[in-house]
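**Student:** Quick one: the structure is below, questions incoming.
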Amino acid sequence: MRITLFGTGYVGLVTGTCLAEVGNDVVCVDVDAAKIADLERGRMPIFEPGLAELVAANRAAGRLKFTTDAAHGIAHGQILFIAVGTPPDEDGSADLSHVLTVARTIGAHLDGYRVVVNKSTVPVGTADRVRETVAAELARRGTRHEFDVASNPEFLKEGDAVKDCMRPDRIVIGSHSARAIESLKALYAPFNRNHERIVLMDTRSAELTKYAANAMLATKISFMNEMANIAERVGADIELVRHGIGSDPRIGYSFIYPGAGYGGSCFPKDVQALERIARSHGYEARVLDAVETVNRNQKEKLFELLGRHFGERLSGKAIALWGLAFKPNTDDMREAPSRRLLEQLWAAGAKVRAFDPEARDEAQRLYGQRADLVLCDEMYAALEGADALIVVTEWKAFWSPDFSRIRSMLRSAAVFDGRNIYEPAAVEAAGIAYYGIGRGRSVRHVGDRA
1 MRITLFGTGY VGLVTGTCLA EVGNDVVCVD VDAAKIADLE RGRMPIFEPG
51 LAELVAANRA AGRLKFTTDA AHGIAHGQIL FIAVGTPPDE DGSADLSHVL
101 TVARTIGAHL DGYRVVVNKS TVPVGTADRV RETVAAELAR RGTRHEFDVA
151 SNPEFLKEGD AVKDCMRPDR IVIGSHSARA IESLKALYAP FNRNHERIVL
201 MDTRSAELTK YAANAMLATK ISFMNEMANI AERVGADIEL VRHGIGSDPR
251 IGYSFIYPGA GYGGSCFPKD VQALERIARS HGYEARVLDA VETVNRNQKE
301 KLFELLGRHF GERLSGKAIA LWGLAFKPNT DDMREAPSRR LLEQLWAAGA
351 KVRAFDPEAR DEAQRLYGQR ADLVLCDEMY AALEGADALI VVTEWKAFWS
401 PDFSRIRSML RSAAVFDGRN IYEPAAVEAA GIAYYGIGRG RSVRHVGDRA
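At position 283 of the sequence shown the residue is numbered 283 (the numbering used here), and the sequence of numbers has no breaks.
As structure tokens, this is what we get:
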């Protein structure tokens, strides 16, 4: 099939590449000429495992093309995906300006029947607004062409996006049009062979499904961080609690890992946007408000633990950070816990030596050259001259470090484990003070004889 995607960000680039991988003829359109030029040269705007190789292979096969020419993209595609950003507006609601700009562009160039698909995460009712916008532009031109608008939200995890796209656990299609549904079923047939993954619904339900999914996952994270803060106060170990509740199949182990708070491009903005949607319809979403508040407070946790160790004597200290991206296997630092921590450390007069396997360039872009920030090329290099180590992102490379080497390199042997990836006893056996998230001291007595 001939497919066009508007937007070469995370969703558009991954989706377009995976659709090309199964044999479709895909054109990706973006207004950013520099980004398109980079993609034509094989330079990726994001880090995502396996993506660069797929892009290169499909470009070489002629199935994947990049352009700034919107008219060409509209003429090319039988199905036109809108996959542009919906950043939070000043009040936290989703900014639909990019989505509606694409809709106007489609209306300005439409020359026959197309299925227009909202792939972006958008507020409930956006499909109707896209339909109205395209129709208004056609009316302005004095022409009539049939088209359908469908909702097909993405469920991609950064770091696993290619796998999620190629092996989806569900394919949500929101539409009342049999013609549009059949087109999308045909498109997704290669991803739907082992068992039925397509879930059909109306557009508004599809739009809410995406927000509800992200809000539920964010709720699990904030709930577990709330439990961790309780565990710390009552002398329990949240990791033991996690195993105890995760073994219940009604709860499961996914997204119940306590830590330094969630970040990224989805959960923070989607929780806020859903809360604003509810408020705009006269409903106060108290759970969503609590989820957001807990997460905001949790991003203060590592600095709080640092204060317990050093008191207010942070000025002039050098703090090593392992991890800057909001999660492993990405270079995305949007809303990352590391960003709030960096602000706090600098405000307290501390200097930072940081290492991240992929996010160094992004950190350089965000912060530029600073006397109080050194971006290191290797994880142990970050420890040189440092007073303490904070683990902010649970990259695999950080899971089994040489604690004796850490002890010898740190001026004040203290590790602050923002993701609970270390056993406190192992760290302390190396002569290092250990601070985790919700790791009550009672952990030392597990298995002790009376």
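A virtual CB, placed ideally from N, CA and C, is assigned to each residue, including glycine.
#1: Where DSSP assigns a beta bridge to Tyr434, which residues make up the other side?
#2: Which one of Ala108, Ser177, Ala213 has the shortest CA to CA distance from Gly271?
#3: My understanding is that Ile82 touches Val116, with C-beta atoms under 8 angstroms, so please give their C-beta distance in whole angstroms.
#4: Give me, in chain order, the residues of the same chain whose beta-carbon lies closer than 7 angstroms to that of Lys327; leave out the 5 immediate sequence neighbours on both sides.
#5: Which runs of the beta strand (DSSP E) at least 3 residues long sit entirely within the region 156-227? Give them in chain order.
#6: Go ahead and label Ala450 buried or exposed: buried means 16 or more other beta carbons lie within 10 angstroms of its beta carbon, across all protein chains shown.
#7: Using CA coordinates, which residue listed in Val415, Arg419, Ala33, Glu343 is at the minimum distance from Ala429?
#8: For Asp448 and Asn297, I'd like the C-alpha separation in whole angstroms.
#9: Consult DSSP for Thr17 and reduce its assignment to one of helix, strand or coil.
#10: Determine the closest residue to Glu384 out of Ala347, Ser412, Ala228, Leu187, with distance taken between C-alpha atoms.
#11: Excluding the 5 residues flanking Leu305 on each side, which residues of the same chain have their C-beta closer than 8 angstroms to its C-beta?
#12: Confirm, please, whether the CB-CB distance from Val149 to Leu110 is below 9 angstroms.
#13: Rounded to whole angstroms, what is the Cα-Cα separation between Ala61 and Val26?
#14: In this structure, how does DSSP classify Pro401 when only helix, strand and coil are distinguished?
#15: With DSSP run on the structure shown, which of helix, strand or coil describes Ala278?
#16: Using 10 angstroms around the beta-carbon of Thr17, count the other beta-carbons present and answer buried if the total reaches 16, otherwise exposed.
#17: Could you tell me the alpha carbon to alpha carbon distance between Leu345 and Gly77, rounded to whole angstroms?
#18: Ordered along the chain, which non-local residues of its own chain (more than five positions away) have a Cβ less than 8 angstroms from that of Arg407?
#19: What does Asn118 pair with, by DSSP beta-bridge criteria?
#20: With DSSP as the reference, identify every bridge partner of Arg317, one or two as the case may be.
#21: Report yes if the CB atom of Val374 is closer than 9 angstroms to the CB atom of Phe403, and no otherwise.
#22: When you compare only the Cα positions, how much space is there between Asp169 and Arg197?
#23: In the DSSP assignment, find the unbroken beta strand (DSSP E) run with Ala388 in it and report its ends.
#24: Run the CB neighbour count on Glu343, radius 10 Å, all protein chains shown included, and call it buried at 16 or more, exposed below.
#25: Counting C-beta neighbours from all protein chains within 10 Å, is the total for Asn118 16 or more, i.e. buried, or is it exposed?
#26: Once DSSP output is grouped into helix, strand and coil, what is the label at Arg449?
#27: Taking only three categories from DSSP, how would you classify Ser442?
#28: What do you get for Ser315, buried or exposed, if any count of 16 or more other CB atoms within 10 angstroms of its CB means buried?
#29: Is the number of C-beta pairs between the region 253-267 and the region 330-339 that are closer than 8 angstroms three or more?
#30: Is the beta carbon of Leu19 sitting closer than 9 angstroms to the one on Ile36?
#31: Where does Pro337 sit, in a helix, a strand or coil, going by DSSP?
#32: Across the region 83-91 and the region 4-12, are there enough close Cβ pairs to call them in contact, namely three or more that are closer than 8 angstroms?
#33: Against chain B, with Cβ distances strictly below 9 angstroms, would Arg140 count as a contact?
#34: Could you tell me if Ile251 is buried or exposed, where buried requires 16 or more neighbouring beta carbons within 10 angstroms of its beta carbon?
#35: Quick one, are the C-beta atoms of Val14 and Phe191 less than 9 angstroms apart?
#36: Which value, in whole angstroms, describes the spacing of the CA atoms of Leu39 and Val199?
**Tutor:** Taking the geometry as given:
#1: Answer is Val415, bridged to Tyr434.
#2: Note that residue 271 is Val in the sequence shown here, rather than Gly. The option with the nearest alpha carbon to Val271 is Ala213.
#3: 7 angstroms
#4: Glu158, Gly159, Gly264, Thr393
#5: 171-174, 198-201
#6: Low confidence applies to Ala450: its pLDDT is 31, below 50, so where it sits in the model is not reliable enough to give any reading.
#7: Val415
#8: Reliability fails at Asp448, whose pLDDT of 35 lies under 50, so the model's placement of it is uncertain and the value that follows must be treated cautiously. Note on geometry: alpha-carbon atoms of Asp448 and Asn297 lie some 35 angstroms from one another.
#9: helix
#10: Of the candidates Ala347, Ser412, Ala228, Leu187, the one whose C-alpha sits nearest the C-alpha of Glu384 is Ser412.
#11: Phe416, Tyr435
#12: no
#13: 11 angstroms
#14: coil
#15: Ala278 falls in the helix class under three-state DSSP.
#16: buried
#17: 50 angstroms
#18: Ala413, Ala430, Gly431, Ile432
#19: Ile82, Ser151
#20: The sequence given here has Lys at residue 317, not Arg. Lys317 pairs with nothing; no bridge assigned.
#21: For Val374 and Phe403, no; Cβs fall outside 9 angstroms.
#22: 6 angstroms
#23: 388-391
#24: exposed
#25: buried
#26: The pLDDT assigned to Arg449 is 31, lower than 50, so where the model puts this residue is not dependable; a value taken from the coordinates is nonetheless given after this. Reduced to three states, the DSSP call for Arg449 is coil.
#27: The predicted model places Ser442 with a pLDDT of 40, which falls under 50 and marks its position as unreliable, so this point remains unresolved.
#28: exposed
#29: yes
#30: no
#31: Helix, per DSSP.
#32: The way I'd put it, the region 83-91 does touch the region 4-12; three or more beta-carbon pairs between them come closer than 8 angstroms.
#33: The structure shown contains no chain B; it is built from a single protein chain.
#34: exposed
#35: no
#36: Just so you know, the alpha carbons of Leu39 and Val199 end up roughly 33 angstroms apart.
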